[in-house]
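Heads up, the thing below is written out as structure tokens.
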Amino acid sequence: MIEAHELTKRYGEKTAVDGISFTIAPGSVTGFLGPNGAGKSTTMRMIMGLDRPTSGTVTVNGRPYAEHRSPLSEVGALLDAKAVHPGRSARSHLRTMAATHNIPSSRVDEVIEMTGLAAVAGKRVGGFSLGMGQRLGIASAMLADPRTLILDEPVNGLDPEGVQWVRRLVRTLADEGRTVFLSSHLMSEMAQTADQLLVIGRGRIIAAGPVQEVIDSVSAAAVRVRTPRAGELADLLQADGVTISSPEPGTLDLRGIDAADVGELACAAGIALHELCPRSATLEEAYMSLTQDAVEYRSDLAATTSAATTSAATTSAVPEEGSR
Amino acid sequence: MSTTAVAAPVPTPLPRAVVAARPTFGGVVRGELTKLLSLRSTWWTLATTVLLMTGVSLAVAGSLDSMAADPSTAAELAALTGPVVVSGGFQLGMLAIAVLGALVMTGEYSTGMIRSTLAAVPTRVPVLAAKATVLAVATAVVATLGIALSYLATMPLLADHDLVPRLAEADTWRVFGGTVFFMVAAALFALGVGTLLRSSAGAITVALSVLLLLPTLLVFITLDWVETVVDYLPLPASGAFLGGGEDSLSAVGDELAPSAGVLVVAAYAIVPLIAGALALRRRDA
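Residue numbers (the UniProt record's numbering), protein chains in the order written: chain S, 1 to 324; chain G, 1 to 285.
Here's what the structure looks like:
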């Protein structure tokens, strides 16, 4: 259980985290989603007592992290895959962590085995790939078999097999009744891994709840139409509240109107439809619309894309990530 | 939207913890010892310290013959004592050990290891206390080893001039003990500076400047207040209890009483550590 109340962190003029409050419950995987620079890592560092909040409080299992009798038993954290001295072997690194809590070295061997590092445990960490570094980070998080796990971008740099492994691991841990809190800037990853979502942008919580609810709350359903007379249909559909985009010639994506109305209109105008398909918004679309105003470093490409989406019935090809 | 509760399914009961974990200060010290000994750079630095100490005292012992032959240095030779020749290499050895002292802390910041360290010991100050303990012991061992090796290596050369330190004499142990004490203080001073500055380059520059560069440069300035400042720098202050040859930096500070010299050197070790502990508690990692 992680509880934050009005948590705020300012670095000089810049507000990294802006008065956020949330509760992360045990027994489920909660995804912490937001663009880079949104405040995810800062929030996680404050939970771990590494950064001091400017104001507000955050507790883990009822207390500030630093006040726990056995901190590593309460929270295991992968905050940064590089939080390791590159000159030390993986096993030595884990032993230094284990020693502080008098954890037996048999447990060190166990987490090495569990994370698949057995073959490289004696090698210096400086030579590790990003993926192996992540595995070592997860091994040290698991060291004291903690009740709460905090994983900052755990699948970064992992190969597909490693990604599967992390998903299964966090699922198992959550099913055992633990609190699992993991961050990502990838919506698709969250959709496959998390039960609950906490979406952050520019230091503020912009959405929270079960994954599907969050998606439904932000994006209207869309209707896809294929017709040889797309231009005529688009002119016909021009109305308040209807957004039309054209991912490819002869295909329209419509928002603000349901499939039945589109069918009636087309029939009345004698336009043949080759496809009429209602579809719910995808995660990526929901994410984009959630964080549209909250992206810290927006690229020009993103700006062009959103401009094109709002212009009606253009033939410009707007990539539709989620339609697959 | 600021207040948000993330609803969750009813949690299943938590299994009993299978891993016994019980943090103690002894455990933190063991963790720091593992950290220190599991880095190659530690072994290189410690070996360098011993080699520098032995090498310098061997060089001094080897030049005794020519000192005796030259009338201009004969007087200097007469003032030289055996223990001072044997432990004389500490002025270079302390540089290597100070670098180690700084790196013990700044290496954690430059690699990001500090976040793992402080996650394991979120009360923080025990980490610095454990580092100081481990560093002090390691330095004492290495300094003792350096002196012992110097003693054995220089014995044949010193015998010619009747300068072999007499192990039955209190003065011998005063110089040897004082040397070990000074080396430990130099290491802890660098650790304290490293904790305050958090940067390897900055901490090493400051530590080596205060330990060696300032006394070497300021000694040429004859202003009264500068001379007073020099007296209170660590190396000159060590002269108050180490004695030392005429051209040794340790000899500059014979203005201080031996006990005052010990206190000044101890202050260099302790004050930056306390300031470092306060900063460590306060700052973001």
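The beta carbon of each residue, even a glycine, is placed where N, CA and C say it ideally should be.
Here the structure is a predicted model, which means the values were calculated and not measured.
Closest by CA to residue 15/S, which one among 117/S, 234/S and 201/S? Across the set 117/S, 234/S and 201/S, the C-alpha of 201/S shows the shortest separation from the C-alpha of residue 15/S.
Please look up how many angstroms separate the CB atoms of residue 178/G and residue 106/G, rounded, as I've assumed it's under 8 angstroms. Between residue 106/G and residue 178/G the Cβ distance is about 28 angstroms, and since that is not below 8 angstroms, they are no contact.
Compare the C-beta of residue 132/S against all C-beta atoms of chain G and say whether one is closer than 8 angstroms. No - not a single Cβ of chain G is within 8 angstroms of the one on residue 132/S.
Comparing alpha-carbon positions, which option in 235/G, 83/G, 67/G and 31/G lies nearest residue 128/G? Looking at the Cα atoms, 31/G is the closest of the given residues.
Does any C-beta atom of chain S lie closer than 8 angstroms to the C-beta of residue 121/G? Yes, contact with chain S.
Just confirm the distance between the C-beta atoms of residue 53/S and residue 115/S, as a whole number of angstroms; I'd bet it's less than 8 angstroms. Their Cβ separation, rounded to whole angstroms, is 32 angstroms, which puts residue 53/S and residue 115/S out of contact at 8 angstroms.
Distance, Cα to Cα, residue 2/S vs residue 209/G? Looking at the backbone, the Cα of residue 2/S and that of residue 209/G are separated by about 47 angstroms.
Which residues of chain G have a Cβ atom closer than 9 angstroms to the Cβ of residue 14/S, listed in chain order? Identification of chain G residues near residue 14/S by a Cβ-Cβ cut-off of 9 angstroms yields none; the smallest Cβ-Cβ distance measures about 14 angstroms.
Simplified DSSP assignment, three categories, for residue 252/G: Here residue 252/G scores only 49 on pLDDT, less than 50, and its place in the model should not be relied on; the value that follows carries that caveat. Of the three classes helix, strand and coil, the one that applies to residue 252/G here is helix, per DSSP.
Just checking, does the stretch 133-150 of chain G make contact with the stretch 43-53 of chain G on the three C-beta pairs under 8 angstroms criterion? Yes: the two stretches touch, three or more of their Cβ pairs being nearer than 8 angstroms.
Since residue 80/S meets chain G, which of its residues come closer than 8 angstroms, beta carbon to beta carbon? The contacting residues are 112 and 115.
Alpha carbon to alpha carbon, what distance is there between residue 62/G and residue 154/G? C-alpha separation (whole angstroms): 8 angstroms.
Determine the burial state of residue 150/G: buried for a count of at least 16 other Cβ atoms within 10 Å of its Cβ, exposed for fewer. Result: buried.
Going along the stretch 63-77 of chain S in order, which residues come within less than 7 angstroms of chain G, judged by CB to CB distance? Here the close residues are 65, 66, 70, 71, 72, 73 and 77.
Let me know if residue 274/S comes out buried or exposed under the rule of 16 or more other beta-carbons within 10 Å of its beta-carbon. Flag for residue 274/S reads exposed.
Give, in chain order, every unbroken run of the alpha helix (DSSP H) that is at least 4 residues long and sits entirely within the stretch 30-84 of chain S. Qualifying alpha helix (DSSP H) stretches, in chain order: 40-47 and 71-74.
CB-CB length for residue 211/S against residue 234/S, believed under 8 angstroms: 33 angstroms between Cβ atoms; not a contact.
Measuring alpha carbon to alpha carbon, tell me which of 111/G, 81/G and 115/G ends up nearest residue 97/S. Closest option to residue 97/S, Cα to Cα, is 115/G.
With C-beta atoms as the reference, is residue 236/G less than 8 angstroms away from residue 211/G? Not a contact, by the Cβ cut-off of 8 angstroms.
Chain-ordered neighbours of residue 35/G on chain S, where CB pairs are closer than 7 angstroms: 96, listed in chain order.
Could you please give me the residues that DSSP links to residue 32/G through a beta bridge? Residue 32/G is not bridged to any residue.
Chain-order list of residues whose beta-carbon lies under 6 angstroms from that of residue 19/S (same chain, five-residue window excluded): Only 6 and 8 meet the Cβ criterion.
Complete runs of the beta strand (DSSP E) confined to the stretch 175-223 of chain S [at least 3 residues]: Entirely contained in the stretch 175-223 of chain S, the beta strand (DSSP E) runs reaching 3 residues are, in chain order, 179-184, 196-201 and 204-210.
Along chain G, in chain order, which residues have C-beta atoms closer than 7 angstroms to that of residue 48/S? Near residue 48/S (Cβ distances below 7 angstroms), the residues of chain G are 119.
If you follow the alpha helix (DSSP H) that residue 87/S is part of, which residue opens it and which one closes it? It is not in any alpha helix (DSSP H) - residue 87/S carries neither H nor E in the DSSP assignment.
Tell me, which residues are paired with residue 152/S by DSSP? DSSP output for residue 152/S lists 183/S as bridge partner(s).
Starting from residue 180/G, trace the alpha helix (DSSP H) both ways and give me its first and last residue. Taken as a continuous stretch (DSSP letters only), the alpha helix (DSSP H) holding residue 180/G covers 170-197.
Please compile the residues from chain S whose C-beta is within a distance smaller than 8 angstroms of the C-beta of residue 289/G. The structure shown does not extend to residue 289/G, since chain G is modelled only from 1 to 285, so the question has no answer here.
Could you check what DSSP says for residue 11/S in three-state terms: helix, strand or coil? Collapsing the DSSP output to three states places residue 11/S in a strand.
Apart from the five residues just before and just after residue 39/S, which ones in its own chain have a Cβ nearer than 7 angstroms to its Cβ? Short of 7 angstroms from the beta carbon of residue 39/S, and not among the five residues preceding or following it, lie these beta carbons of its own chain, in chain order: 16, 17, 200 and 203.
Which two residues bound the contiguous beta strand (DSSP E) that contains residue 257/S? Segment: none, residue 257/S is in no beta strand (DSSP E) and carries neither H nor E.
Whole angstroms are fine: how far does the CA of residue 49/S sit from the CA of residue 122/G? Roughly 7 angstroms separates the two Cα atoms.
Closest Cβ-Cβ distance between residue 86/S and chain G: below 8 angstroms? So, interface residue.
What does residue 277/S pair with, by DSSP beta-bridge criteria? Residue 277/S pairs with 224/S.
On the three-state DSSP scale, how would you describe residue 22/S? Residue state, collapsed to three classes: strand.
Residues of its chain near residue 91/S, where Cβ-Cβ distance is below 7 angstroms and the 5 sequence neighbours each way are ignored: Cβ contact annotation for residue 91/S (same chain, cutoff 7 angstroms, sequence separation greater than five): 108, 112, 121 and 122, in chain order.
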